[in-house]
Amino acid sequence: MTASLAIHDWTSLDETSRSRLLERPAQQAARELTDGARRIVADVRARGDAALREYTERLDRARLESFEVTPAEFEAAEGALSAGQHAALRRAIGTVTLFHEAQSLAELRVETSPGVVCERRIVPVNAVGLYVPAGTAPLPSTAIMLAVPARIAGCPVRVLCTPPRPDGTADPAVLVAARLCGVERVFK
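So the sequence shown is numbered by this note's numbering: it starts at 12 and just counts up by one.
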């Protein structure tokens with residue numbers, strides 16, 4: 012089973028074609044996208060990694076041997092960013108951390124009457140999957156805005172997925188942001 016999804020190279024389109032693509036009749040596009048996504052999910056469930064590799068090659072234009080980002084890829088990403096980019100990511104993480112820590116709820120225990128205790132317990136989910144879009148505009152800010160609250164909430168397993176670039180690597184800024192936020196596993 013294969014899904015039909017048109018891929019357009021924005022840089023090669025004229026103004027009229029770009030405008031037409033941006034019109035997107037909402038209801039029809041939503042139905043088509045939902046149906047296409049269902050077909051892809053069903054195919055991946057049925058055929059596993061083989062289907063995933065085919066979709067990655069067709070949609071992301073990348074050939075992958077392995078989906079998980081390796082320690083060497085994380086190291087290469089660290090080296091690909093300037094000191095200024097590292098500082099900007101750390102600053103953004105600090106800002107997002109400050110905001111989300113201010114929202115943190117404390118556990119609460121109240122004896123509402125003799126022998127009757129009401130509690131608010133904070134229990135994080137065991138695992139969370141974080142999706143960070145990439146495409147023509149990688150979004151390390153999305154990695155930060157998803158991973159920081161998950162870390163603060165105490166979620167022990169945080170896994171991030173992001174589309175690969177045509178060379179098969181994940182965007183270096185997304186990888187560095189993920190690592191700085193405590194995300195240990197990233198898949199492309």
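Don't be surprised by glycine CBs; every beta carbon is placed ideally from N, CA and C.
Just so you know, these numbers come straight off a predicted model, no measurement behind them.
Review point. Under the three-state reduction of DSSP, which class applies to residue 61: helix, strand or coil?
Key: On the sequence shown, residue 61 is found 50 positions in, with the first residue counted as 1. DSSP, reduced to helix, strand and coil, places residue 61 within a helical segment of the structure shown.
Practice item. Evaluate contact between the segment 92–102 and the segment 128–144, counting only Cβ atoms and requiring at least three cross-stretch pairs below 8 Å. Key: no
**Study point:** Residue(s) in a DSSP beta bridge with residue 136
**Key:** Taking the sequence shown and counting its residues from 1, one reaches residue 136 at position 125. For residue 136, DSSP records no beta bridge to any residue.
**Study point:** Of the residues 49, 160 and 30, the one placed nearest residue 16, counting alpha carbons only
**Key:** Translated into the one-based positions of the sequence shown, residue 16 becomes position 5. It is 49 whose Cα lies nearest to the Cα of residue 16.
**Study point:** Inter-residue Cα distance where the pair is residue 98 and residue 172
**Key:** Reading the sequence shown from its first residue, position 87 is the one you call residue 98. Reading the sequence shown from its first residue, position 161 is the one you call residue 172. Using only the alpha carbons, I get a separation of about 23 Å.
Point to revise | Anticipated Cβ contact below 8 Å, residue 170 with residue 126, distance rounded | key: For this step, residue 170 is matched to residue 159 along the sequence shown. For this step, residue 126 is matched to residue 115 along the sequence shown. Not confirmed; about 44 Å, so no contact.
**Study point:** Under 9 Å between C-beta atoms of residue 184 and residue 75
**Key:** Counting from 1 along the sequence shown, the entry for residue 184 is found at position 173. Counting from 1 along the sequence shown, the entry for residue 75 is found at position 64. No.
Exercise for review: Could you give the DSSP three-state label for residue 198: helix, strand or coil?
Suggested key: Residue numbering aside, residue 198 sits at position 187 when the sequence shown is read from its first letter. In the structure shown, residue 198 sits in a strand (DSSP, three-state: E or B).
Check your understanding: Can you give the Cα-Cα distance for residue 128 and residue 122, rounded to whole angstroms?
Key -> If you number the sequence shown from 1, residue 128 lands on position 117. If you number the sequence shown from 1, residue 122 lands on position 111. So the two alpha carbons sit approximately 4 Å from each other.
Check your understanding: Taking C-beta to C-beta, are residue 174 and residue 145 nearer than 9 Å?
Key -> Here residue 174 refers to the residue found at position 163 when the sequence shown is read from its first residue. Here residue 145 refers to the residue found at position 134 when the sequence shown is read from its first residue. The answer is yes: Cβ separation under 9 Å.
Review point. In the DSSP assignment, what residue or residues form a beta bridge with residue 190?
Key: Translated into positions along the sequence shown, residue 190 becomes position 179. Its beta-bridge partners do not exist; DSSP assigns none.
Review point. For residue 172, which beta-bridge partners are listed by DSSP?
Key: Residue mapping note: residue 172 aligns to position 161 of the sequence shown, counting from 1. 142 and 198.
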